[in-house]
Each structure stands twice: as structure tokens, then as C-alpha cells.
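Number of protein chains: 2
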Amino acid sequence: MTDAPEPATLTPAQLPPVAREVFRDGMACLAGAVNIVTTDGPGGRSGFTASAVCSVTDQPPTLLVCLNRGSSAAAAFAGNEGLCVNTVGPDHHDLAMLFGGKTPMADRFAASAWHSGASGAPVLEGAVVSFDCRIAQRHVVGTHEVMFCEVVGVETRPGAASVWFGRRFHELRA
Amino acid sequence: MTDAPEPATLTPAQLPPVAREVFRDGMACLAGAVNIVTTDGPGGRSGFTASAVCSVTDQPPTLLVCLNRGSSAAAAFAGNEGLCVNTVGPDHHDLAMLFGGKTPMADRFAASAWHSGASGAPVLEGAVVSFDCRIAQRHVVGTHEVMFCEVVGVETRPGAASVWFGRRFHELRA
Numbered sequence: 036m037t038d039a040p041e042p043a044t045l046t047p048a049q050l051p052p053v054a055r056e057v058f059r060d061g062m063a064c065l066a067g068a069v070n071i072v073t074t075d076g077p078g079g080r081s082g083f084t085a086s087a088v089c090s091v092t093d094q095p096p097t098l099l100v101c102l103n104r105g106s107s108a109a110a111a112f113a114g115n116e117g118l119c120v121n122t123v124g125p126d127h128h129d130l131a132m133l134f135g136g137k138t139p140m141a142d143r144f145a146a147s148a149w150h151s152g153a154s155g156a157p158v159l160e161g162a163v164v165s166f167d168c169r170i171a172q173r174h175v176v177g178t179h180e181v182m183f184c185e186v187v188g189v190e191t192r193p194g195a196a197s198v199w200f201g202r203r204f205h206e207l208r209a
Numbered sequence: 036m037t038d039a040p041e042p043a044t045l046t047p048a049q050l051p052p053v054a055r056e057v058f059r060d061g062m063a064c065l066a067g068a069v070n071i072v073t074t075d076g077p078g079g080r081s082g083f084t085a086s087a088v089c090s091v092t093d094q095p096p097t098l099l100v101c102l103n104r105g106s107s108a109a110a111a112f113a114g115n116e117g118l119c120v121n122t123v124g125p126d127h128h129d130l131a132m133l134f135g136g137k138t139p140m141a142d143r144f145a146a147s148a149w150h151s152g153a154s155g156a157p158v159l160e161g162a163v164v165s166f167d168c169r170i171a172q173r174h175v176v177g178t179h180e181v182m183f184c185e186v187v188g189v190e191t192r193p194g195a196a197s198v199w200f201g202r203r204f205h206e207l208r209a
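Chains as they are written, first to last, in the numbering used here: chain A, 36 to 209; chain B, 36 to 209.
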């Protein structure tokens, strides 16, 4: 009688990735703010909806934004030095959907009121918080670019916030 | 009569960053999930609480985690190839606080039940979602390191989730 061979133990580097749908279903369980990320400058005015935004360090104050390099917004962000992260609340759910779809850029911006931040990027009137930024560093990861952004201005408004979880918006009170 | 000089317009790169407190108060308005990020392997078993986790791309399924290079957890993550992002729900608010403080690692892990993911990292029993990962790429940004992680396993549990907003937890239902 011979012993059965031990099952091979894979190192982490040898493990296959999960299927895309498994990943997406998992990400639907990771609650997060929804943001309209805007830019303006020599590369043109543009914006897109992103949940992939987070704080990196406060020395100096830095956040990151992930951008799909194949998206219609990508060229403008490549050509500009500034951007603004506008976190949407209950008043701006429809606007977030608009900036996440295929609507032409001019029509997206015409759907709300904006003013210009110091970076030149459009700041959404009535956003929960807006972070006006300069793009300090860019790092490509597959289909996406991670933009590391130093924060040069912050505007906050009291009131309700929204969070995306389970593929729908939920409302929060501070 | 002479005209007053035009105010100088600064390019984005010339703009000074905001004060750290302004940045922190702004970030308190950016709602997000709270995660206990764990690892195990040759570098040792370790874990810390992080809100700075987000999706990067689904080709291949990839998320990122920001880690303070000066933290007590950093050495273990530098020495290991795997990690697990465990998103906390209402049952694990105290555990998230424990993993965000100064408690010794052994005492942190003793406070809850875990099993091992394929990567070797501890998976939190009852987490809202757990992403078992291999660390595919590391990128230093100032005080922090961004770990880009390919997802090799996902576990989700139905029920409530929690989100951090306004410096406190809020409960969500799917």
C-alpha cells in the first residue's frame, strides 16, 4: 500500500485569480462613497463617476483616483495637471449616473452648477465634499491608471451623504 | 493713473497643499467601508484596520490597499506575498478599533475567529466580504505604500454592512 501524494501547496504567486463576476459581486459588498471626478485645462474639460477614490497620506495631504485608460475621460486627464473629486450626496444621484454613462461631456456639465477650483477643475455646487487637487504622480496598473493627487483645496457642506452598497444608493446623516 | 497688477495665476503644480487638519476634516466626509487587512507567512502574522482600500481593475481582478510604512504591521506585509481584506459589519466594530490601535498582534487575533485563506492570510469569520489576495505590485507614496493585490478568493455573507462617515459607524442593509 502506497501513500496518496500530498496535495501540492501553491504559493500565493501561483494562485489563479477569481472570475470577474466573483470579483464584481464581492465589490458590491464593499460600501463606498460615489464621486464625480472632474478636470479642465489644456486637455479639455471632462469628468467621470468613480468609487475608486481613497486617502493615501496626510504628509502631504494626498488621495488617489483610479481611472480607466480606455474611457472617454482619459485623454483630458492625461493632458491636465489638476482634478477635483466631488463626493455626491442625495441631490446628485442622477448626476452621478450621468457622469458614469455615455452622455457627451458638454451635456454632463450642463446638468448641474459648477465653479472653478484653484486647479481649474470644476467644483460641483452642493457636493458633500470637494477635494481640489494637483495630479502629483501617475502609476499604470493594467487597464487603469492610478492618479496620486495632492489636495490644494477642500470645500465641505453640512448635511446628508450617500453611499453605494449592494448596487444601490443608501443615505447617511452626519 | 496706473493699472493695478493682475494677480498672478498659479499653475496647479505651484499651488500649496492644504493643512493636514483641513484634509482630515474633508476625509471625514468621504464615507467608506472599514476593513481589517491581515497577512501571514514568513514575515509573520499581522493585521491593521484600513479605510484606504478600493477596486482598481477586473482584468485581472485587482484591488489596492494603502499601508503606513511606519506602522507596527508594515514589516510583516513586507515579508509576505499574501493578504486578506476583511470588510467589517456591525458585529466587528470593536474588532476594527482593536486592529486600529496599539494592541499586540496576538491579542488582536485572539479577539475573534479566523480561518486561513489560500494565500495563508487570516480570513475573518463573519466578515461582510473577504478578499483573499496575492500582493502583485508595491508602490511607495511618501509615508505610505500602495499594495496592488490580485484577488484569488472571495467570501461574502448576506446581511448588514457598516460604513464610516462623520467619524462614526453607520449601519446599512443590502
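A virtual CB, placed ideally from N, CA and C, is assigned to each residue, including glycine.
Here the structure is a predicted model, which means the values were calculated and not measured.
*Could you pull out every residue in the same chain whose Cβ sits closer than 8 Å to the Cβ of residue 97 of chain A, ignoring the five residues on either side in sequence?*
Walking along the first sequence from the start, residue 97 of chain A turns up at place 62. Only 90, 91, 171, 183, 184, 185 and 186 meet the Cβ criterion.
*asked:* Once the 5 residues before and after residue 188 of chain A are set aside, which same chain residues still bring their CB inside 6 Å of it?
replied: The residue labelled residue 188 of chain A in the question sits at position 153 within the first sequence. The answer, listed in chain order, is 152, 153 and 167.
*List, in order along the chain, the chain B residues whose C-beta lies closer than 9 Å to that of residue 58 of chain A?*
Mapped onto the first sequence, residue 58 of chain A falls at position 23. Those within 9 Å of residue 58 of chain A in chain B are 90, 93, 95, 96, 97, 98, 166, 186 and 189.
_residue 86 of chain A vs residue 67 of chain A beta-carbon contact at 8 Å_ = The residue given as residue 86 of chain A occupies position 51 in the first sequence. The residue given as residue 67 of chain A occupies position 32 in the first sequence. Yes, these two residues count as a Cβ contact at 8 Å.
_For residue 196 of chain A and residue 209 of chain A, what's the separation of their Cα atoms in angstroms?_
For the purposes of this step, residue 196 of chain A is identified with residue 161 of the first sequence, where counting begins at 1. For the purposes of this step, residue 209 of chain A is identified with residue 174 of the first sequence, where counting begins at 1. Between residue 196 of chain A and residue 209 of chain A, the C-alpha separation is close to 8 Å.
*asked:* Quick check: the Cα distance between residue 135 of chain B and residue 93 of chain B, rounded to an integer number of angstroms?
replied: Mapped onto the second sequence, residue 135 of chain B falls at position 100. Mapped onto the second sequence, residue 93 of chain B falls at position 58. Taking the straight line from one Cα to the other gives about 29 Å.
_I need the straight-line Cα distance from residue 194 of chain A to residue 163 of chain A, nearest angstrom please._
As a first step, residue 194 of chain A is located in the first sequence; it is residue number 159 there, counting from the start. As a first step, residue 163 of chain A is located in the first sequence; it is residue number 128 there, counting from the start. If I take the Cα positions, the gap works out to 8 Å.
*Would you be able to state if there are at least three C-beta pairs under 8 Å between the stretch 121-140 of chain A and the stretch 112-125 of chain B?*
no
*Identify every residue that forms a DSSP beta bridge with residue 151 of chain B.*
Here residue 151 of chain B is taken as the residue at index 116 of the second sequence, counted from 1. Partner(s): B:157.
*asked:* Judging by CA-CA distance, which residue of A:174, A:190, A:111 and A:54 is the nearest neighbour of residue 9 of chain A?
replied: Residue 9 of chain A is absent from the structure shown; chain A starts at 36 and stops at 209.
*Closer than 7 Å by beta-carbon distance: list the chain B residues that pair up with residue 62 of chain A, in chain order.*
As a position in the first sequence, residue 62 of chain A is number 27, starting the count at 1. Residues of chain B passing the Cβ test: 90.
*Bridge partner(s) assigned by DSSP for residue 193 of chain B*: Within the second sequence, the letter at position 158 stands for residue 193 of chain B. DSSP output for residue 193 of chain B lists no bridge partner at all.
*For the stretch 113-141 of chain A, which residues have a beta carbon sitting closer than 7 Å to at least one beta carbon of chain B?*
116, 117 and 122
*For residue 45 of chain B, does the three-state DSSP call read helix, strand or coil?*
Sequence index remark: in the second sequence, residue 45 of chain B carries index 10 (1-based). If DSSP states are grouped into helix, strand and coil, residue 45 of chain B belongs with coil.
*Supposed contact pair residue 73 of chain A and residue 121 of chain A - C-beta distance, whole angstroms, cut 8 Å*: Counted from its first residue, the first sequence places residue 121 of chain A at position 86. Counted from its first residue, the first sequence places residue 73 of chain A at position 38. Confirmed, Cβ separation roughly 7 Å.
*What did DSSP end up calling residue 208 of chain A once you bin it into helix, strand or coil?*
Working through the first sequence from its first residue, we reach residue 208 of chain A at position 173. Correct three-state label for residue 208 of chain A: strand.
*Using the C-alpha atoms, what's the distance from residue 169 of chain B back to residue 53 of chain A?*
Here residue 53 of chain A is taken as the residue at index 18 of the first sequence, counted from 1. Here residue 169 of chain B is taken as the residue at index 134 of the second sequence, counted from 1. If I take the Cα positions, the gap works out to 11 Å.
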